[in-house]
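Numbering (our numbering), first residue to last: 1 to 309. By construction, the Cβ of each residue, glycine as well, lies at the ideal position given by its N, Cα and C atoms. Have a look at the structure below, then the notes.
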């Protein structure tokens, strides 16, 4: 009798462990498996917000290609009929088709007010099945790790035991090319300190130029053929008065960084283009270009002024 009872208890324990196990994978269709590879929860107590960044691998072991347009999901709190009331969200699907025998990935993030939600995850719209973010090993980050000390042209933005984000503008250049003012060699660096692949909260660079639009001064010549030296010599005075300048927004480019491989360190060369715009050198503004580095999730908001040459 004792042996039977012991066997029963062992079986019960195994079943209990199995029932409580967290599976980060979900079968999308025959031989197509989705796995939550990494999830990062970012808590910002200053803004009372929570962000979830997620990375999902899609493995197609079938004999047919899989169209990711057929994979539709919503991010919800388990048991809720409504989607999360997002204040910010984005989804990245680098390739829409997963060939037979190949892999792909989806990365994304969502931010929302912190209302003490208990179980956030992905609800697949066709089946209504729920895959909780906590089924993966959720990493955490906080606005408390944002760096505040600013010294020199190479500075930290964020540092934790897992991730370092910094920037360096010691080599930044300002050029005028084909009618546009272009900032280059402004670097944002990301360093994965762990031995695992990780999704990251990336920093967005926003540029503003205090200058003039070429379209307002078409009579001064063909700006597309002008060099920076030509721009410096432009005389825009009227009756001895300086021309009016305006704040002109730039277009940022140069990188789209979603995750880092294990122990990977990557410096991203950011380029900011101010289309049809130029620096007004007759005006005494030694720092006409402002670059703001922002990450709403972490609460990063750093402003840098670039010296004109």
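Helix, strand or coil: which one does DSSP assign to residue 87? coil
Residue 249 to residue 274, Cα distance in whole Å? 7 angstroms
Contacts around residue 15, its chain only, beta-carbon distance under 6 angstroms, and the 5 residues preceding and following it disregarded: Interpretation of residue 15 is limited by its pLDDT of 37, a score under 50 that renders its predicted location unreliable; the figure taken from the coordinates is listed afterwards. Taken in chain order, the list of residues that qualify is empty.
I'd like to know whether the C-beta of residue 143 is nearer than 9 angstroms to at least one C-beta of chain D. No chain D is present in this structure, which holds just one protein chain.
Would you report the Cα separation of residue 18 and residue 25, rounded to the nearest angstrom? Below a pLDDT of 50, predicted positions are generally treated as unreliable, and residue 18, at 37, falls in that range; the measurement from the model is reported next regardless. Approximately 15 angstroms, taken between the alpha carbons.
Look up residue 139 in the DSSP assignment and give the residues it is bridged to. 40
Selected residue, minimal CA-CA separation from residue 72, among 41, 185 and 28: 28
Helix, strand or coil at residue 163 according to DSSP, with G and I counted as helix: strand
On the DSSP letters alone, give me the boundaries of the beta strand (DSSP E) that residue 56 sits inside. 49-60
Where residue 302 falls, given that 16 or more other Cβ within 10 Å makes a residue buried: buried
Terminal residues of the alpha helix (DSSP H) in which residue 228 lies: 228-233
Could you give the first and the last residue of the continuous beta strand (DSSP E) run that contains residue 28? 25-29
For residue 232 and residue 281, which I take to be in contact (beta-carbon distance under 8 angstroms), what is that distance rounded to the nearest angstrom? 5 angstroms
Between 237, 309 and 215, which has its C-alpha nearest residue 277's C-alpha? 215
On the criterion of 16 or more Cβ atoms from any shown chain inside 10 Å, does residue 140 qualify as buried, or is it exposed? exposed
Less than 9 angstroms between the C-beta atoms of residue 36 and residue 131, yes or no? yes
Contact under 9 angstroms by Cβ, residue 111 with residue 165: no
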